[in-house]
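Encoded as structure tokens, the structure appears first; notes follow it.
In our numbering, the protein residues as written are 49 to 397.
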């Protein structure tokens, strides 16, 4: 028992000696790393001078160039339907024919009466030249001819009302009737939309009013077509501002020959005010502190907190007005782990 206890101090001494040897043989770089702060891994970007469009962004609703619900003007039954759901219609094309048997018979009757009345008028006119009849009888026959012609015009108009035509060229909607249906004035037969051109109405703030004008170009995008834009032009600027929102309504037209945009779509509209040639930096490099903006500039692998003055913003980008020079290297990722004068390890070099 006494021999075991006597070995303990010897073992302790050997262990201490080994620790001292290991410590003395640690490389200087590792010792320096333990004694000093560790370099923070970051990603950076360089401040560059580039074209920076100043834009106005707003939301608008797509509207058809022309839009109407096709209805009947008289009460009658459907005789013929000349279209199917989603067909394209030409201006003046007969879409629906209502029962016109009675009206056609009335037109033929009037035409026959007019023809007979004209013959009588010619006969009386010949008799009048030989003073075989009175002037009054000739005038009465002439009035009878004009009255019948007026009745024929009315009958032809009534006959035309039984033919429901497309008022303009466009895309038809769903058919709401069937052959034999009784339609009345106001009953919807189908819809018709001219979507070769799409109108879009959107609002801009009062302070942007001086930056927009008729004919100015813009782009529109829809969630239905990610990453794709449609070009258009401002066609009208309203004459009045909304006194509550202090905004004004603007209307633009977009060429839609592919008929991909449809009425009712929500569109994001971007109007370009002007293009600046200025210093630009990724927006994520900014570090806001109260009402000021800072960035971390890298010099000799050391981060230097620098106050900057910013101007206009765009999604993901910001204009730098002051505080930086072109070519400065600025931290864009890792700013939350960096402090002023701390060493950094730039990963994307």
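Idealized CB from N, CA, C, for every residue including glycine.
So what does DSSP say about residue 325, is it helix, strand or coil?
-> strand
Counted within 10 angstroms of its Cβ, other Cβ atoms place residue 344 as buried (16 or more) or exposed = buried
Euclidean distance between Cα positions of residue 290 and residue 363 = 28 Å
Check residue 170 in the structure and name its three-state DSSP category.
-> helix
For the region 350 to 358 and the region 380 to 395, state whether three or more C-beta atom pairs, one from each stretch, are separated by less than 8 Å.
-> yes
Burial state of residue 247, where buried means 16 or more other Cβ atoms lie within 10 Å | buried
Please state whether DSSP places residue 98 in a helix, a strand or coil.
-> strand
Residue burial classification, residue 71 (beta-carbon count within 10 angstroms, cutoff 16) = Per-residue confidence for residue 71 stands at a pLDDT of 48, beneath the threshold of 50, marking its modelled position as unreliable; the derived number appears in the next sentence. By the 10 Å Cβ count, residue 71 comes out exposed.
Could you check the C-alpha separation between residue 147 and residue 167 for me, to the nearest Å?
-> 33 Å
Tell me, please, which residues DSSP counts as bridged to residue 341.
-> 336 and 356
Span of the alpha helix (DSSP H) holding residue 211?
-> Taken as a continuous stretch (DSSP letters only), residue 211 belongs to no alpha helix (DSSP H), being part of the beta strand (DSSP E) at 211 to 213.
Determine the closest residue to residue 332 out of 358, 266 and 130, with distance taken between C-alpha atoms.
-> 358
Which runs of the beta strand (DSSP E) spanning at least 3 residues fall entirely within the region 257 to 292, listed in chain order?
-> 265 to 269 and 278 to 290
By Cβ distance below 7 Å, which residues in the same chain neighbour residue 162 in space, the five residues on each side in sequence not counted?
-> 193, 196, 197 and 200
What beta strand (DSSP E) runs, 3 residues minimum, are completely inside the region 349 to 393?
-> 350 to 362, 365 to 370 and 377 to 381
Tell me, which residues are paired with residue 139 by DSSP?
-> None; residue 139 has no bridge partner.
Quick one: Cα of residue 145 to Cα of residue 124, how far?
-> 10 Å
Identify, in the order they occur along the chain, each residue of the same chain with its Cβ nearer than 6 Å to the Cβ of residue 385, setting aside the five sequence neighbours on each side.
-> 88
Give the single residue among 281, 244, 103 and 165 whose Cα lies nearest to the Cα of residue 189.
-> 165
Does DSSP put residue 193 in a helix, a strand or coil?
-> helix
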